[in-house]
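Trainee: Residue numbers (this note's numbering): 5 to 226. Just so you know, even glycine gets a beta-carbon here, dropped at the ideal spot from N, CA and C. Keep in mind it's a predicted model, so treat the numbers as computed, not measured.
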């Protein structure tokens with residue numbers, strides 16, 4: 005019997021997108037949850053798994069380690085047709101899959117980290133650390149919203165980032181949009197997020213990761 009993938013994550017973190025995609029693609033995997041919460045640093049012990057001390061981390065059946073959310077999704081899409089051709093996930097536009105996958109982790113995921121860990125991005129904080137943290141957060145929030153504006157326009161002619169059928173990066177987008185909270189000027193992003201969050205396969209994974217701390221329940225219909 006082939007050894008399953010091992011996914012290292014902590015509740016509420018970016019590994020949600022990987023866990024949900026693995027479930028949607030019906031790929032066997034084991035979940036290793038860290039005893040840590042978003043906003044706190046991972047233990048030095050975790051450096052043995054990922055020297056950068058970030059999740060998610062995917063260990064392949066043959067023992068290789070893959071980090072970075074987009075890289076994990078790209079790798080899985082190359083290895084498993086069930087991420088590309090259904091029955092629950094589809095990549096109908098390969099160029100869009102790579103474009104928006106990289107765009108989101110570079111611009112949005114990293115922007116979210118600036119909101120949670122502002123001290124990482126402004127080391128000279130001796131004079132007024134609280135004011136510096138506020139400035140970093142304000143700039144990050146504004147830049148994130150600008151990036152979501154591009155995604156909103158991408159969704160004008162299609163219901164998902166790769167077409168009208170659910171793709172792996174739609175799951176990633178939904179997670180990031182939920183972290184950004186509902187915005188009246190992002191109706192298409194909101195619709196995509198609600199669709200992903202309420203998907204029968206995704207809903208229990210979503211609830212386990214987010215219902216205890218997100219203020220808005222994305223799984224409820226309008």
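#1: Under the assumption that residue 169 contacts residue 96 (Cβ atoms under 8 angstroms), give the Cβ distance between them as a whole number of angstroms.
#2: Could you tell me the alpha carbon to alpha carbon distance between residue 137 and residue 125, rounded to whole angstroms?
#3: If you draw a straight line from the C-alpha of residue 207 to the C-alpha of residue 91, how long is it?
#4: Considering only the beta carbon of each residue, do residue 215 and residue 221 sit closer than 9 angstroms?
#5: Pick from 15, 80, 196 and 151: whose alpha carbon is nearest that of residue 59?
#6: Taking 8 angstroms as the cut-off, does the segment 36-44 touch the segment 64-84 (at least 3 CB pairs, one atom from each stretch)?
#7: Give me the Cβ distance between residue 54 and residue 71, rounded to the nearest whole Å; I'm assuming they're in contact under 8 angstroms.
#8: Got a sec? Which residues, its chain only, sit under 8 angstroms from residue 160 by beta carbon, not counting five neighbours each side?
#9: Sort out for me which residues DSSP pairs residue 34 with in a bridge.
#10: DSSP puts residue 109 in a beta bridge; with which residues?
#11: Out of curiosity, what's the CA-to-CA distance linking residue 224 and residue 164?
#12: Pull up the CB-CB distance for residue 141 and residue 119, whole angstroms please, since I reckon it's below 8 angstroms.
#13: Among 23, 30, 63 and 7, which has the Cα closest to the Cα of residue 211?
#14: Assuming residue 77 is part of the alpha helix (DSSP H), what are its boundary residues?
#15: Hey, out of 67, 20, 11 and 7, whose CA is closest to residue 201's CA?
#16: In terms of residue numbering, what span does the alpha helix (DSSP H) encompassing residue 159 cover?
#17: Go ahead and pull the three-state DSSP assignment for residue 170.
Mentor: Taking the structure as given:
#1: Taking the chain shown and counting its residues from 1, the one referred to as residue 169 is at position 165. Taking the chain shown and counting its residues from 1, the one referred to as residue 96 is at position 92. With a Cβ gap of about 6 angstroms, residue 169 and residue 96 count as contacting.
#2: Here residue 137 refers to the residue found at position 133 when the chain shown is read from its first residue. Here residue 125 refers to the residue found at position 121 when the chain shown is read from its first residue. The straight-line gap from Cα to Cα measures roughly 9 angstroms.
#3: Working through the chain shown from its first residue, we reach residue 207 at position 203. Working through the chain shown from its first residue, we reach residue 91 at position 87. The alpha-carbon of residue 207 is positioned some 17 angstroms away from that of residue 91.
#4: Taking the chain shown and counting its residues from 1, one reaches residue 215 at position 211. Taking the chain shown and counting its residues from 1, one reaches residue 221 at position 217. A contact, by the Cβ cut-off of 9 angstroms.
#5: Within the chain shown, numbered from 1, the residue matching residue 59 stands at position 55. Taking the Cα of residue 59 as reference, the smallest distance to any Cα among 15, 80, 196 and 151 is reached at 15.
#6: Segments in contact, no.
#7: For the purposes of this step, residue 54 is taken as the residue at position 50 of the chain shown. For the purposes of this step, residue 71 is taken as the residue at position 67 of the chain shown. Taking the Cβ atoms as the reference, residue 54 lies roughly 5 angstroms from residue 71, within the contact range of under 8 angstroms.
#8: Your numbering for residue 160 matches position 156 in the chain shown. These residues qualify, in order along the chain: 192.
#9: The residue you call residue 34 lines up with position 30 of the chain shown. Beta-bridge pairing by DSSP links residue 34 to 10.
#10: Residue 109 sits at position 105 when you count from the first residue of the chain shown. DSSP lists no partner for residue 109.
#11: Against the chain shown, residue 224 aligns to sequence position 220. Against the chain shown, residue 164 aligns to sequence position 160. Each residue's Cα considered, the two are about 20 angstroms apart.
#12: Here residue 141 refers to the residue found at position 137 of the chain shown. Here residue 119 refers to the residue found at position 115 of the chain shown. Rounded to whole angstroms, the Cβ separation of residue 141 and residue 119 is 5 angstroms, and the two are in contact under 8 angstroms.
#13: By one-based count along the chain shown, residue 211 stands at place 207. The shortest Cα separation from residue 211 among 23, 30, 63 and 7 belongs to 23.
#14: For the purposes of this step, residue 77 is taken as the residue at position 73 of the chain shown. The continuous alpha helix (DSSP H) containing residue 77 extends over residues 73-83.
#15: Walking along the chain shown from the start, residue 201 turns up at place 197. Distances from the alpha-carbon of residue 201 to those of 67, 20, 11 and 7 put 20 closest.
#16: What you label residue 159 is simply residue 155 of the chain shown in a count that begins at 1. Note, residue 159: premise wrong, no alpha helix (DSSP H); not H, not E.
#17: Here residue 170 is taken as the residue at index 166 of the chain shown, counted from 1. DSSP places residue 170 in coil when its eight states are reduced to three.
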